[in-house]
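For reference, the structure is listed below as structure tokens.
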Amino acid sequence: MTEFISAKYNYWIYIFLMMVGFYAAIAKRNLVKKVIGLNIFQTAVFLFYISIAKVKGGTEPIWMEGNPVYTNPLPHVLILTAIVVAVSTTAVALAIIILIMKQFGTVEEDKILKLLEPHD
Amino acid sequence: MEVYESARPLCAMLVSLSAVLLIGLSGRWPNLRETWTLMAAVLKFAIVLSMLPIVLGGKVIECFIVHVLPGLDLALRVDPLGMTFALTASFLWIITSCYSIGYMRSLAEHAQTRYFMCFAVALCAALGIAFSANLFTLFVFYELLTLCTYPLVVHKQTPEAIFGGRKYLVYLLGTSIFFQLPAIFLVYYYTGTLEFSSQGILAGKAPEIAVIITYILFIAGITKAAVMPLHAWLPAAMVAPTPVSALLHAVAVVKAGVFTVVRVLLYVFGVDLLEEIGLGVILAYVASFTIIAASVIAMMQDDLKLRLAYSTVSQLSYIVLAVGLLTPSAIASSIIHITMHAFGKITLFFTAGAIYVATYKTRISELDGIGRQMPFTMMAFTLGTLSMIGMPLFGGFVSKWYLAMGAIEAGRLPILIVLAASSILNACYLLPIVYAAFFKEPKAGGQVIAPKIKEAPAFMVVPVVLTGIEAMALFFWPSLILDLAKMIVGYVTGESY
Amino acid sequence: MMEHLPIVMIVLPLLSAVVTPVAGRIHRVLSWYIVVIVTALCFAGSLSLLSTVLETGRISYWLGGWEPPWGIEYLIDYLNAFVLCLVAFIAFIVAVYAKKSVELEIDEARLPLFYGVYLLFVTGLMGIVITGDIFNLYVFLEIASLAGYALIAIAKRREAAMASFNYLVMGTIGATFVLLGIGHLYMVTGSLNMADLAQRLPALYGSKVVQTAFAFFAVGLSIKIALFPLHNWLPNSYTYAPSAVSAIMAATATKVGAYAFIRVMFTVFHAEFLITGIHLNHLLLFFAALAILMGSILAVAQTDIKKMLAYSSIGQIGYIILGISLMNLTGIQGSLLHIVNHALMKGTLFLAVGGIVYRLGITTIEDFKDLGRKMPVSMAAFTVGAFSMIGVPLTVGFVSKWYLAIAALEAGMWYLIIVLMLSSLLTAVYFWRVIDNMYFQPHDASKVSEGSVVVAESNPKDAPVLMLLPTIVTAVLCVFFGIFASLPLSLAEKASMILLR
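Order-wise, the sequence lines are chains D, A and S.
When you number the first sequence by this note's numbering, it's gap-free, plus one each residue, and the end is 143.
When you number the second sequence by this note's numbering, it's gap-free, plus one each residue, and the end is 504.
When you number the third sequence by this note's numbering, it's gap-free, plus one each residue, and the end is 503.
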């Protein structure tokens, strides 16, 4: 059992990080914290991709004479793309937060919702 | 059956559709606008009439419009059953058009262009129902008729009218979507076709339970036939201007309903299948209940149009009752009654409108002595009344005679009692009006002093008198309708009648 | 040149998206011209692709000449070609429509940027449809979504920013789930090409990893298409976005999501896996029925027309998923038809409402009194769209309902008919309220409800021609494809055959 847990520690970390991010993205009332949560959430997935790329005893994915075992480079490439996507998402999210800050004067969701209520 | 390909049925419908366009464009010139209505009405009747010899010659006219989906075609077929309905509706449109013009102008109603446009669409839809070759086409025009009559019902746009209109729509559109459409799904699912056939299409294709479910869905879904307990839309629709109540809610819409019932029962289920499962009788008894109950309710109404509306509910059930009995005479009677009731009831509604235009009276209790001021109108009313009751020498007698024979053929004597009772009830709620109009003294203290009341405008009186006489004439010359009815009975029962 | 058409379809709008804001610096109208021309070219290209597909069955384009499964493959069969035409068409129509509408609803300085982002959005949608590589699909999904967030946030109303942010959080979670699903699939198969995956997966259906992958896909894509319990980003986004954006989003964004859903369900995985492997069909059926009913019920409760249309969209997504979850040919045909049909009718409705917003600035249904006389053409188009939504025969709405109902009977699930009819009734209720107000309620000028900004002159004209024309085109198509339904049907038939090999 301990081996089952310890041998796959990288997956456990990814799951833990993912849940932390997920929680923050949903439960935090501050919009910036939500974005941070989203970032952690996405980063966890990157970790997952890097983990699946690892081949036991594999070297760097550089072609060498006589050593055919090397780490799979494709997930790394994929994750480079995903990182770009994550960065763009963060950029858009922060831009929207700035917009919200200008219009409402706050980035706390509770206060914004209160402001949005029809006042009569 | 010989098939005769022709675009004439389509033309008959397009005539009123093009009239819609012309009416819409010439809204600013009322005289021109009314010319279009009248021209379309006459032309339409002429086209329908031109198809009559072909149909009487034992042929069916077919016209294919468009293929929508596999199994769903928009196609028209003119057979004797459709012909009967189409003739009645298109002939009465001419008369109603004249009457409408008189009515709308006398009262200086608003939105007259919309009114005449919707009226033309309604007639197109009615003809579409009469001529449809399959369930899909029938359903299309059935829905179109509901939608285009809604603006007519809410014409006054008062809160009361809108409430009535909403009820109208909820009943008609709601049930057709919720019950009729699933029934059509079931028919298609089991048979793979929606084409009408004089032997029925469901026989042998669907398990008994499915047939029964489909049957119930259809009866519940064809609310236009106003069988109780789904009749409440008809009294609600009486907020409409009277010509609308006259043509649409005594002829086009409600007749479209009973016509659909007849069509579906005979051409989708088929006489044999219905007899085998014994479904006709249940319908006959539900209809009997409606006949009696609606008559009783009619007696309690003081509003003239409401009384007539309940009378319509009751009379429509004669047709449903007749087709439910499934014997040759009964089926013939259902077809004859479509026409007979149309002429009788339209006369009564026309009278109600004429009285309203001349005196602004709508209540029966205010009508004492009105026969002296409006003799022609009230004479026509009397003719209509007698036809409604089914007196000999009047059209209504013919259909009741055949219905009685049908009940005897079927060996269902309780139906005879229903017939007798309802005739008495008919007399009870209509004759007092005639009596009051001619023999009672006008009530003293009424705000309108008697000499001021004159007949309604000629545009209205002439149609009233015409339809009144027609209701009587149909007793002496019923041969055309009888021939058509006999042909239908021959087709659906497979034996000449 | 013609053999490179698949990639041109993506590169052209992508590059133009960069050029547009720059061109807008020279002259503002230039950027609009570019968008219209580019989307028109895309539409023409998609038609040409469709005709090629009809001749040859499928087009396979290898990016950079790399052979699949190593390189990225753009694979176009009946299904893509069909959806691609729809997306390009709506993009073009809305681009024409946008000019007048956004001039009023967006700050003038931001217009060139808006058009640039609009093209990015279109690029993303077309990319999702055209690609045959599952990771590529994720990338395009995110391009479309990111552009979508920006398009919503660009509106002047301050609610828009908040709606956009919520959409962003939900959308990113959904997309990340999809990414995880892809990772799991790659873990066991080592492939990213959808056709290749389809061949490798059947042997691995017992694997927990594959099942987990599927779960991630199902949930992630459900968020993207706003399937009922995961729908809450959608209503506010559609409501507060500029009219043109609401129109294109309602007509294409969720439809393309549904396309991706169908692709993953049936091309990457097999129908057989869904039914016998994980019994997903019943679960999906339940959520679809729930979406249909709840969407309709919530729509009845709305007083704001755009919100009402948004909730109605949630119900309509249920229809699409319902057809899929029946897992028979007729059902999938119904779903595919409904993708097109709903795009047309919802497009019409949002475009017509955009006209009202442009002239009068009102979206409260109560204030629509007498509009039928003031804006006859827009309202006629709206009525056509509404009838189609109700499912009146001879409109597109009837066609898809017909197929779904027959499919339900074929699957032996008659009770679904009750769901379908109940939702039709509810649809009739909420649309009739609008029609009633437009045509039949007497106008009372003193009782315009508070909060609505009545900008217009006392006697408004109909919407400008540039806005009317697209509205009329989509409305006419609603009826045209309702009568001549065999055209889209033949495509849907072929596509469903491919899906249910």
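Heads up, the beta-carbon is just placed ideally off N, CA and C, and yes, glycines get one too.
Residues of chain S with a Cβ closer than 7 Å to the Cβ of Pro91 (chain D) do not exist, since the nearest Cβ in that chain sits about 16 Å away. Boundaries of the beta strand (DSSP E) around Trp64 (chain S): Ile61 to Trp64.
Contact note: Ile184 (chain A) reaches chain S through Ile392, Gly393, Met423, Ser426, Leu427 and Ala430, using a C-beta cutoff of 8 Å and chain order. In its chain, beyond the 5 residues on either side, Val62, Leu491, Met494 and Ile495 have a beta carbon closer than 7 Å to the beta carbon of Pro87 (chain A).
7 Å or more divides the Cβ of Ala257 (chain A) from the Cβ of Lys174 (chain A). Between Phe442 (chain S) and chain A, the shortest Cβ-Cβ separation is below 7 Å. Under the Cβ criterion of 7 Å, Val108 (chain D) is counted among the residues facing chain S. For the C-beta of Leu396 (chain S), the chain A residues within less than 7 Å are, from N- to C-terminus, Val147. Distance from the CA of Cys105 (chain A) to the CA of Glu215 (chain A), rounded to the nearest whole angstrom, comes to 50 Å. DSSP lists S:Asp306 as the bridge partner or partners of Thr366 (chain S). Of all residues in the stretch 34-59 of chain D, only Ala48, Leu54 and Lys57 place a beta-carbon less than 7 Å from a beta-carbon of chain S. What Ile175 (chain S) touches in chain D, judged by beta-carbon distance under 9 Å, is Phe45, Ala48, Ile49, Leu61 and Phe64, going in chain order. Put simply, the backbone Cα of Phe52 (chain A) is about 18 Å away from that of Lys262 (chain A).
Assigned with DSSP and collapsed to three states, Asp310 (chain A) falls in strand.
For Ile226 (chain A), the uninterrupted alpha helix (DSSP H) run begins and ends at Glu215 to Gly228, by DSSP.
If one requires a minimum length of 4 residues, the alpha helix (DSSP H) runs lying completely within the stretch 359-417 of chain S are 373-376, 378-392 and 398-412, in chain order. By the criterion of a C-beta distance shorter than 6 Å, Trp235 (chain S) is surrounded in its chain by Asn168, Tyr169 and Met172, once the five residues flanking it on both sides are discounted.
Rounded to whole angstroms, the Cβ separation of Ile371 (chain A) and Leu311 (chain A) is 5 Å, and the two are in contact under 8 Å.
Under DSSP, no beta-bridge partner is assigned to Tyr157 (chain A). For Leu502 (chain S), no CB of chain D lies under 7 Å from its own CB, so it is not counted at the interface with that chain.
Taking 8 Å as the upper bound for CB-CB distance, Thr267 (chain A) and Tyr149 (chain A) are in contact here, some 6 Å apart. In the DSSP secondary-structure assignment, Tyr11 (chain A) is bridged to A:Ile68. Exclusion of the five residues before and after Met440 (chain S) leaves Phe370, Leu373, Gly374 and Met381 as the residues of its chain whose Cβ lies within less than 7 Å of its Cβ. Contact annotation: in the stretch 481-492 of chain S, residues whose CB is within less than 9 Å of a CB in chain A are Gly484, Ile485, Phe486, Ala487, Ser488 and Leu491. If you ignore the 5 residues before and after Ala97 (chain S), its C-beta comes within less than 6 Å of the C-beta of Val37, Val38 and Thr41, all in its own chain and listed in chain order. Here Tyr432 (chain S) carries a helix assignment [DSSP, helix/strand/coil]. The beta-carbon of Ala116 (chain D) is placed less than 7 Å from the nearest beta-carbon of chain S. For the options A:Leu76, A:Pro335, A:Ala127 and A:Pro77, the alpha carbon positioned closest to that of Ile30 (chain A) is the one of A:Ala127.
For Val177 (chain A), the enclosing alpha helix (DSSP H) stretches over residues Pro166 to Thr182.
Per DSSP, Arg84 (chain A) is one residue of the beta strand (DSSP E) stretching across Leu79 to Val85. Using a Cβ-Cβ cut-off of 8 Å, Leu411 (chain S) is close to Phe192, Leu193 and Tyr196 of chain A, given in chain order. Ranking D:Ile121, D:Leu136 and D:Glu131 by CA distance to the CA of Ile156 (chain S) puts D:Ile121 first. Glu131 (chain D) is bridged by DSSP to D:Asn53. S:Ile145 is the residue among S:Ile145, S:Met415 and S:Ala293 whose C-alpha sits nearest the C-alpha of Leu16 (chain S).
Ser315 (chain S) sits away from Ile326 (chain S), with the two beta carbons spaced by 7 Å or more.
Around the CB of Val107 (chain D), fewer than 16 other CB atoms lie within 10 Å, so the residue is classed as exposed.
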